[in-house]
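Here the structure is laid out as structure tokens; the discussion comes afterwards.
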Amino acid sequence: MSAAAPLRRLARPRTIACIGRNYADHIAELGNTRPREPFYFLKPATSMLHPSSGAVLAPRGAKLHYEVELAAIMGRDVDEAPDTDEAVAKYVKGWAVAIDMTARQFQNDAKKRALPWTLCKGFKTFLPVSHFIPASKIRDPHDVRLFLRVNGETRQDDSTALMLFRIPRLLQHVTSVAPLEEDDLLLTGTPKGVGEVRAGDVIEAGIVVDGVELEEGRIEVVVEQRATGYNCEAREA
Ligand code: MG
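My numbering numbers the first residue of the sequence shown as 19 and each following residue consecutively.
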């Protein structure tokens, strides 16, 4: 066996663009409608949680959901990318597994009241990420499996082949609005199986390429109750 390359942390992005509703079965499980074009929201860079950097903190009173996703990492600045596989090869230097943590009751409330998603998506620790996966390790990003387990039980396990909008279209869409810069992240949506986690739960996630799990893509993180900060219960009262 050859010696494994050292694991690399992701660099700090300026923009984290997250695609919603990109897998049909996930749209169905949340009772959403299928979008005619990709849509996305932003998470703050301070929501990132690197490997071995502590727990996902559950805000007080939050119904905390996980969403495993494939994240593309920009290798250079990209403005108005074309919708082509060549553009992805040119601009994406690598990948990561990411978990788009969501305070689901706030998201449902925001949908009803036409409010932004900053609150439901943007708490600190709401974006656990894996180490950096070099582009060379993933021959076809539309042919990998993403999985997520809670306390050892599989909750999500699907192929990225099920994406409604392919990655070139996502990159084209987001950069048609504003450029992405080197080390920025583009999350590509979650497959079915999202659900709630509570304090004490252990979340594992990862990526399987040609039947082999990539060590770089591994996430293992515990959920802890956050004692301070925003109190979701107070808001609902
Ligand atoms: Mg998501």
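Beta carbons are placed, not taken as given, at the ideal position from N, Cα and C, and that holds for glycine. Computed from a predicted structure; not experimentally measured.
It is roughly 7 Å from the alpha-carbon of Pro62 to the alpha-carbon of Ile34. Annotation: Asn169 to Ala105 spans about 39 Å, alpha carbon to alpha carbon. A direct Cα-to-Cα measurement between His44 and Val86 gives close to 11 Å.
Taking C-beta atoms as the reference points, Val147 and Met92 fail to come closer than 8 Å.
Residues close to the ligand MG by the beta carbon criterion (under 5 Å to any non-hydrogen atom) are, from first to last along the chain, Glu85, Asp118 and Thr208. Rounded to whole angstroms, the separation of the alpha carbons of Gln174 and Ser70 is 22 Å.
Sequence-distant partners of Ala223 (beyond 5 residues in either direction) whose C-beta falls short of 7 Å from its own C-beta, in its chain, are Val86, Val115, Ile117, Phe165, Leu166 and Ile237.
According to the DSSP secondary-structure assignment, Ile37 is paired through a beta bridge with Tyr58. Scanning Asp219, Pro56 and Leu137 for the CA closest to the CA of Asp101 turns up Pro56.
Taking 8 Å as the upper bound for CB-CB distance, Thr178 and Leu48 are not in contact here, some 19 Å apart. Glu234 sits away from Leu28, with the two beta carbons spaced by 8 Å or more. Within a 10 Å sphere around the beta-carbon of Ala76 sit 16 or more other beta-carbons, which makes this residue buried. With fewer than 16 other Cβ atoms inside 10 Å of its own Cβ, Asp158 counts as exposed. Listed as beta-bridge partners of Asp176 by DSSP are Leu164. Boundaries of the alpha helix (DSSP H) harbouring Val195: Ile185 to Val195, taken from the DSSP string.
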